[in-house]
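Q: Starting off with a structure, shown below.
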Amino acid sequence: GQVYEYTHLEFGLTSNLFASTFYVLTGFHGLHVLFGLLLMLAVLLRSRQPGHYSHENHFGIEAAELYWHFVDVIWIILFALLYLWR
């Protein structure tokens, strides 16, 4: 998705202010997505340990869930700013 778009854009990182902003915002968002995936992998690995999560102790799962929703909201805002708003 994003790699294809980066390689087929008609502007580079230093072409203009919009181009620089586009690359920085989408790059940071990609880092947030990567961190979220690693966070969910950590939750998965910990969930395989007997007794690590329980009905009373599930903060790690909730934290990963809230973080992922945060990334979703940021994606919606970025999509609106970069693709819909002109």
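Quick note, the sequence shown lines up with residues 141 to 226 if you use my numbering. For every residue, glycine included, the Cβ atom is placed at its ideal position computed from N, Cα and C. In this text, all values refer to a predicted model and were calculated from it rather than measured experimentally.
1. My assumption, with CB atoms under 8 Å, is that L222 sits in contact with F162. Please give the rounded CB distance.
2. Quick check on DSSP: helix, strand or coil for F151?
3. Kindly indicate the opening and closing residues of the alpha helix (DSSP H) around W215.
4. Closer than 8 Å by C-beta to L153: which residues in its own chain qualify, once you throw out the five before and the five after it? Chain order, please.
5. F184 to T147, Cα distance in whole Å?
6. Mapping the DSSP letters down to three states, classify R186 as helix, strand or coil.
A: Quick look at the numbers:
1. 6 Å
2. coil
3. F199 to F219
4. A159, S160 and Y163
5. For the record, residue 184 in the displayed sequence is Leu; it is not Phe. The alpha-carbon atoms of L184 and T147 are separated by roughly 34 Å.
6. helix
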